[in-house]
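Take a look at the structure below.
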Amino acid sequence: MGLFKWINKLAFISNWGRLGGIHGLIVMFVYRIGNIIYYKVNVPILKQVLWIVYRMIDLLIIRLFMNCEFPAQSQIGKKLHLPHGAKGIIINPFTKIGDHVTILHQVTFGQSKESRKAPEVCDYAYIGVGAKVLGGIRIGKNSKVGANAVVLTPVPDNCTAVGVPSVIKNKPMDHVKE
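Okay, so the sequence shown: first residue is 494 according to this note's numbering, each after it adds one.
Written out as structure tokens, the structure reads:
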């Protein structure tokens with residue numbers, strides 16, 4: 494009985510379902526290693542050697558075979574949830590993603606030509622299948638982006654964005670009239 498409890502405590506076993514199986518697990522493992530190399534390794538020659546190895550793995554395995562982009566420069570919080578794996582997810586290197594965010598497949602986070610800024614996704618947000626989040630906008634805490642929505646404007650906290658271009662639904666109540 495003790496062996497099963499020990500196995501369940503292993504990080505990769507507990508993250509298996511949350512990351513959509515082996516596909517998401519490999520993608521996030523490679524991303525986290527690259528992120529550590531990019532932000533934490535301070536010895537220049539060691540950083541260059543490790544960065545070359547990371548980029549080869551990223552290009553050959555993650556981008557070509559797994560068809561997604563999770564650049565090491567992007568900032569992804571804890572407990573990212575990828576229920577369908579990382580299939581087709583494209584993340585701009587300057588995107589910031591908070592904790593406990595759910596991202597479904599075929600989602601793109603990109604820069605707009607005008608602003609040269611990338612999106613920020615706050616904690617507990619939900620990004621639906623095929624959504625495109627473009628430009629230096631903020632997806633608020635507990636907000637949802639519907640399937641195939643094209644989000645070009647900020648989404649406030651606790652709201653839902655749907656459509657092409659997206660329209661905000663379920664606007665939060667600032668105050669209640671009595």
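By construction, the Cβ of each residue, glycine as well, lies at the ideal position given by its N, Cα and C atoms.
Reduced DSSP secondary structure (H/G/I, E/B, other) of residue 533: helix
Inter-residue Cα distance where the pair is residue 650 and residue 638: Computed Cα separation, rounded: 12 Å.
Through-space distance from residue 611 to residue 525, alpha-carbon basis: 20 Å
Beta carbon of residue 656 nearer than 8 Å to that of residue 642: yes
Of the residues 583, 600 and 640, the one placed nearest residue 557, counting alpha carbons only: 583
heavy atom of the ligand GTP below 7 Å from residue 549 C-beta: Because no ligand of any kind appears in the structure shown, any question about the ligand GTP cannot be addressed here.
Short Cβ contact (8 Å threshold) for residue 604 with residue 590: no
For residue 566, three-class secondary structure by DSSP: coil
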